[in-house]
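Note that UniProt numbering has the sequence shown beginning at 1, numbered continuously upward.
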Amino acid sequence: MKSVRVNPAHILKYGCICYLLLLLIGCTPAPLTAQQPQKPRQQPTAIADRVVVEKSKHQLHLQSRGQIIRSYQIALGPNPQGHKQRESDGRTPEGIYRIDYRNPRSAYHRSLHISYPASADRQRAAAVGDNPGSDIMIHGLGTSFAAIGKLHTAKDWTLGCIAVTNDEIEEIWKLVPNGTIIEIKP
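Listed below in structure tokens is the structure:
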């Protein structure tokens with residue numbers, strides 16, 4: 001009889017992945033078996049001139065000339081209520097900013113940088129001796145968690161960023177040019 005060697009690192013890796021999937025499945029509001037097949041989305045013909053994030057609804061909307069052309073369910077930081085006060089507080093900032101640059105090689109697939117902190121954010125943090133934080137992005141899931149898709153929205157998990165699926169960040173990447181205003185509402 002031939003013996004099989006099992007690499008302990010593989011057991012740990014796959015065990016963690018299974019645990020995460022079970023955790024996320026347990027957090028879903030509706031049974032997964034009731035999902036209908038998704039229809040392919042039509043590509044909008046308009047480019048977004050504004051991004052609106054509604055933190056309380058966990059939604060991101062792309063707008064063109066005041067009309068919503070796309071909407072996405074999002075995940076935020078683990079402490080989503082209120083404006084970001086300092087680095088590592090788990091909050092997503094609130095206010096009006098701009099998409100000021102993009103990272104095509106992000107660890108989270110692709111990412112669009114939000115111009116936080118503004119001077120008012122820096123002044124507010126400095127007044128109490130804090131660092132306001134930085135590197136707030138709209139990003140995907142990366143390769144490690146791409147398979148969970150929309151299940152990532154079952155729990156707020158970012159460090160203050162706004163997360164969508166890899167397919168969604170690809171679409172947002174094409175529709176949102178640098179310089180676009182982003183309004184992040186409570």
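For glycine and all other residues, C-beta sits at the position ideal for the given N, C-alpha and C.
Item, Value
"Reference THR165; option with closest CA among GLU87, GLU54, SER134 and HIS109", "HIS109"
"Backbone CA spacing between PRO117 and ARG65 [nearest angstrom]", "27 Å"
"Cβ neighbour criterion (16 or more within 10 Å) applied to ARG70", "buried"
"Whether GLY82 touches THR92 by CB criterion (7 Å)", "no"
"Rounded separation between ASP100 and ILE138 - CA only", "12 Å"
"Cβ contact check for the stretch 122-132 and the stretch 143-157: 3 or more pairs under 8 Å", "no"
"Contact check, VAL52 vs HIS61, beta carbons under 7 Å", "yes"
"Beta-carbon gap between GLU168 and TYR72 smaller than 7 Å", "yes"
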